[in-house]
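Have a look at the structure below, then the notes.
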Amino acid sequence: MLVLSGLLVVVVGFAFRVNPLLVVTVAGLVTGLAGGLGVTRTLGTLGHAFTESRYVAIVWLVLPVIGLLERAGLKERARDVVLRMQAATAGRVLLAYLALRQATAALGLVSLGGHPQMVRPLIAPMAEGAAERDTGALDDATRHEIRAHAAAVDNIGVFFGEDIFIAIGSILLIKGVLEQAGIRVLPTELALWAIPTAIAAFLIHGARLLLLDRRLARRAGPPA
Amino acid sequence: MITVEFLYRLMGVLTGTAAVINLRDASNPNRHANAAFWALWSVSFLFGSYLPDLASGILILAMVAVATVRGVTPGSGEQQTLAERSASARKFGNALFIPALAVPAITLLANATIGRIVIGGTALVDPKQVTLVSLGIATILSLGIGLALIRPPLSAPFTEARRLLDSVGWAAMLPQLLAALGAVFAAAGVGKVVSMLAAGWIPGGAPLLSVAAYTIGMALLTMLMGNAFAAFPVMTLGIALPLLVTQLHGNPTIIAALGMLSGFCGTLMTPMAANFNLVPVALLELPDRYAVIRVQWPTALLLLGTNTALMYFLAFPR
Numbered sequence: 000m001l002v003l004s005g006l007l008v009v010v011v012g013f014a015f016r017v018n019p020l021l022v023v024t025v026a027g028l029v030t031g032l033a034g035g036l037g038v039t040r041t042l043g044t045l046g047h048a049f050t051e052s053r054y055v056a057i058v059w060l061v062l063p064v065i066g067l068l069e070r071a072g073l074k075e076r077a078r079d080v081v082l083r084m085q086a087a088t089a090g091r092v093l094l095a096y097l098a099l100r101q102a103t104a105a106l107g108l109v110s111l112g113g114h115p116q117m118v119r120p121l122i123a124p125m126a127e128g129a130a131e132r133d134t135g136a137l138d139d140a141t142r143h144e145i146r147a148h149a150a151a152v153d154n155i156g157v158f159f160g161e162d163i164f165i166a167i168g169s170i171l172l173i174k175g176v177l178e179q180a181g182i183r184v185l186p187t188e189l190a191l192w193a194i195p196t197a198i199a200a201f202l203i204h205g206a207r208l209l210l211l212d213r214r215l216a217r218r219a220g221p222p223a
Numbered sequence: 000m001i002t003v004e005f006l007y008r009l010m011g012v013l014t015g016t017a018a019v020i021n022l023r024d025a026s027n028p029n030r031h032a033n034a035a036f037w038a039l040w041s042v043s044f045l046f047g048s049y050l051p052d053l054a055s056g057i058l059i060l061a062m063v064a065v066a067t068v069r070g071v072t073p074g075s076g077e078q079q080t081l082a083e084r085s086a087s088a089r090k091f092g093n094a095l096f097i098p099a100l101a102v103p104a105i106t107l108l109a110n111a112t113i114g115r116i117v118i119g120g121t122a123l124v125d126p127k128q129v130t131l132v133s134l135g136i137a138t139i140l141s142l143g144i145g146l147a148l149i150r151p152p153l154s155a156p157f158t159e160a161r162r163l164l165d166s167v168g169w170a171a172m173l174p175q176l177l178a179a180l181g182a183v184f185a186a187a188g189v190g191k192v193v194s195m196l197a198a199g200w201i202p203g204g205a206p207l208l209s210v211a212a213y214t215i216g217m218a219l220l221t222m223l224m225g226n227a228f229a230a231f232p233v234m235t236l237g238i239a240l241p242l243l244v245t246q247l248h249g250n251p252t253i254i255a256a257l258g259m260l261s262g263f264c265g266t267l268m269t270p271m272a273a274n275f276n277l278v279p280v281a282l283l284e285l286p287d288r289y290a291v292i293r294v295q296w297p298t299a300l301l302l303l304g305t306n307t308a309l310m311y312f313l314a315f316p317r
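From first to last, the protein sequence lines stand for chains A and B.
Okay, so the first sequence: first residue is 0 according to numbering that gives the first Met the number 0, each after it adds one.
Okay, so the second sequence: first residue is 0 according to numbering that gives the first Met the number 0, each after it adds one.
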């Protein structure tokens, strides 16, 4: 029971908006101590796991090329391209990216996307640019809301697309866990049963993106 | 053989140069804290494989102390003005998209090919790390394409990388730290205790209640652990198999598939899934730490309801 105190630290820490690095570190230390590992072994376990998890940070290797392109005007170019498409509104740009992200993830192409590579330099400037053209200058709150939507579309697209691909990690995990319990399932059937939720995700979130367009238009007032 | 260790060296160089550039940036009053943070991370990338575990643990404490007390804050920011960038955008036009799109394109291409290359009897790339090494190769080649196209000063990739690292700040390290926390949870047996509790609390009986206990339980535990993969074995072995499959004769394929997707709904609503929900907040320079979660939760709850309904109506014999 006591080992759950780490989870309590997580909940309380995040609820009170304490610095997440501090929350996670304290949660790790508390869990280790409550689990009877002692101070040195707790720190050692955390240190070992941190070193073993360095692969998680590999995604940042993309920063030099993204930074270089931003310096050369990539964001501005992405904006220009959208400005020339009359039909492109903020919501429709994001809807198109949602469809693309879901479809490619369903084919196993999960690396076609991501916040540092796609959302920051391309998708967010495109959506902001379209909104600016359609509704005039954006206030900060609106600009931030559009950016948050750009980040969300990337997440929702990949989460509810990737499970349709049979060789993705989550499908293999499901198969492995059920096999331990003596139940054999086929990856193809697991992937098949991800399709209804994928369609629902596209409809639900797509509708919300079109509502975002209407809200942006209303906020800007009636056309002069 | 190319292993992921090679990519750690590159990350070590990237964070190391960010530390040095920060140290020399007189425009930033917080430059010493920035430099210390990136330098410590650089040590972990370059020498982590040789450091004793306890030393790595202390290194984490030092990084967290710097980030909590002083923070990691960007300095003077972009050296190019908006006018310069707009002019440059007009000059290069759509060619600017080539290096950006080359990153995913080369990743996919490398992923499909480099695993099969064998030189003198040994594989070129460690077979277990093909995906990561592919991403690493893609970033290097794309940078090469970008440099050939734009012809900036050779220091530009480093100064630009440090600009982006500083603007993401300590959030850059959070996903890795969370992965480490997951390992500590596992070592201390958190999963076992949760599954015991879950099995004890949930009454058998009404199918809809049992289905909801599993889907909502998956979402909640995912929110706590930050990761549907960690929650799935606990909830599936603790609730789904005994209640939904054995007792109510549900179809395990449908139940497990929708259970995992219910976990993904939880991922959309938790700061513990930092790489999806907190890192983009830093990358997009949003003032509200929970801005992305705020946008995602309505979709997540509606989908959780959808999954529960799908499971209830489709997974059981009528």
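We treat Cβ as the ideally placed atom computed from N, Cα and C, and that holds for glycine.
Relative to the C-alpha of residue i, which residue among the options is closest?
i, options, result
"Gly225(A)", "Val22(A), Ala14(A), Arg16(A)", "Because chain A here runs from 0 to 223, residue 225(A) falls outside it and cannot be looked at."
"Ile170(A)", "Ala256(B), Ala229(B), Gln128(B), Val63(B)", "Ala256(B)"
"Ile65(A)", "Gly205(A), Ala206(A), Pro120(A), Ile194(A)", "Pro120(A)"
"Val42(B)", "Leu53(B), Asn33(B), Arg8(B)", "Arg8(B)"
"Val189(B)", "Ala26(A), Glu75(A), Met117(A)", "Ala26(A)"
"Val109(A)", "Ala123(A), Leu208(A), Leu73(A), Ile155(A)", "Ile155(A)"
"Ala38(B)", "Gly11(B), Gly56(B), Gly47(B)", "Gly11(B)"
"Leu282(B)", "Val10(A), Gly46(A), Met117(A), Val80(A)", "Met117(A)"
"Thr138(B)", "Leu180(B), Ala122(B), Leu107(B)", "Leu107(B)"
"Ala94(B)", "Arg217(A), Ala71(A), His204(A)", "Ala71(A)"
"Arg69(B)", "Glu284(B), Arg30(B), Met172(B)", "Arg30(B)"
"Ala227(B)", "Ile173(A), Arg100(A), Leu215(A)", "Ile173(A)"
"Gly304(B)", "Ile182(A), Ala126(A), Ala200(A), Ala219(A)", "Ala200(A)"
"Ala64(B)", "Asn33(B), Lys127(B), Thr112(B), Ser166(B)", "Asn33(B)"
"Val17(A)", "Asn306(B), Thr16(B), Tyr289(B), Ile113(B)", "Tyr289(B)"
"Ala88(B)", "Tyr96(A), Thr103(A), Leu94(A), Arg78(A)", "Arg78(A)"
"Ser166(B)", "Ala61(B), Ala198(B), Pro73(B)", "Pro73(B)"
"Gly258(B)", "Asn250(B), Met271(B), Thr235(B)", "Thr235(B)"
By the criterion of Cβ-Cβ separation under 9 Å, what are the contact partners of residue i in chain A?
i, result
"Met268(B)", "By Cβ distance, chain A contributes nothing, its closest Cβ being about 11 Å from Met268(B), past 9 Å."
CA-CA distance, residue i and residue j?
i, j, result
"Val58(A)", "Leu6(B)", "10 Å"
"Asp162(A)", "Gln179(A)", "21 Å"
"Asp287(B)", "Val280(B)", "8 Å"
"Thr130(B)", "Ala205(B)", "45 Å"
"Gly237(B)", "Val176(A)", "12 Å"
"Ala223(A)", "Arg146(A)", "Unreliable positioning characterises Ala223(A) in this predicted model, as indicated by a pLDDT of 47, which lies under 50. The coordinate reading is nonetheless provided below. Rounded to whole angstroms, Ala223(A) to Arg146(A) spans 27 Å at the Cα level."
"Asn276(B)", "Arg76(A)", "27 Å"
"Pro63(A)", "Leu146(B)", "10 Å"
"Met195(B)", "Leu42(A)", "27 Å"
"Met224(A)", "Ala185(B)", "In this structure chain A extends from 0 to 223, so residue 224(A) is not present and cannot be described."
"Leu247(B)", "Ile253(B)", "13 Å"
"Val184(A)", "Ile165(A)", "12 Å"
"Val8(A)", "Met0(B)", "42 Å"
"Trp169(B)", "Leu20(A)", "8 Å"
"Arg23(B)", "Glu51(A)", "32 Å"
"Leu240(B)", "Phe159(A)", "24 Å"
"Ile318(B)", "Gly46(A)", "Here chain B has residues from 0 to 317 only, and residue 318(B) is not among them."
Which residues in chain B sit within 7 Å of residue i, going by Cβ to Cβ distance?
i, result
"Val9(A)", "Leu223, Met271"
"Arg100(A)", "Under the 7 Å cutoff, chain B gives no residues; its nearest Cβ is about 11 Å from Arg100(A)."
"Leu111(A)", "Pro103"
"Leu45(A)", "Gly56, Ile59, Ala179, Val183"
Give the residues of chain B in contact with residue i, contact being defined as C-beta atoms less than 9 Å apart.
i, result
"Met0(A)", "Val192, Leu196"
"Leu67(A)", "Pro98, Leu142, Gly145, Leu146, Ile149, Pro151, Ala155, Pro156, Glu159, Ala160"
"Leu6(A)", "Phe184, Val189, Val193, Leu223, Met224"
"Glu188(A)", "Thr252, Ile253, Ala256"
Since residue i meets chain B, which of its residues come closer than 8 Å, beta carbon to beta carbon?
i, result
"Tyr96(A)", "Chain B residues near Tyr96(A): none, gap ~13 Å exceeds 8 Å."
"Gln85(A)", "Result: empty, since nearest Cβ-Cβ is about 18 Å, beyond 8 Å."
"Thr50(A)", "Ser43, Gly47, Ser48, Leu50, Asp52, Ser55"
"Thr39(A)", "Leu53"
If the cut is a Cβ gap below 8 Å, which residues of chain A does residue i touch?
i, result
"Gly92(B)", "Arg76"
**Item:** Every unbroken alpha helix (DSSP H) within the segment 84-114 of chain A, with a cutoff of 4 residues, ordered by chain
**Value:** 89-105
**Item:** Contained beta strand (DSSP E) runs [length at least 3] in the segment 216-299 of chain B, N- to C-terminal order
**Value:** none
**Request:** Evaluate the contact criterion for the segment 158-178 of chain B versus the segment 104-117 of chain B: three or more CB pairs, one atom per stretch, below 8 Å.
**Result:** no
**Request:** Check whether the segment 133-149 of chain A touches the segment 190-197 of chain A, counting contact only when three or more Cβ pairs, one atom from each stretch, lie closer than 8 Å.
**Result:** no
**Message:** Between the segment 73-93 of chain A and the segment 214-221 of chain B, can you find at least three pairs of beta-carbon atoms closer than 8 Å?
**Reply:** no
**Asked** Three or more C-beta pairs closer than 8 Å, one from the segment 261-268 of chain B and one from the segment 298-306 of chain B: is that the case here?
**Response** yes
**Message:** I'd like to know if the segment 93-107 of chain B and the segment 136-156 of chain B are in contact, where contact means that at least 3 CB-CB pairs between them fall below 8 Å.
**Reply:** yes
**Item:** Contact between the segment 207-215 of chain B and the segment 304-313 of chain B (3+ Cβ pairs under 8 Å)
**Value:** yes
**Message:** Counting beta carbon pairs with one atom in the segment 204-217 of chain A and one in the segment 85-97 of chain A, are three or more of them shorter than 8 Å?
**Reply:** yes
**Complete runs of the alpha helix (DSSP H) confined to the segment 44-81 of chain A [at least 4 residues]** = 62-70
**Request:** Could you tell me which uninterrupted alpha helix (DSSP H) segments, each at least 4 residues in length, are contained entirely in the segment 118-163 of chain B, listed from first to last along the chain?
**Result:** 129-149
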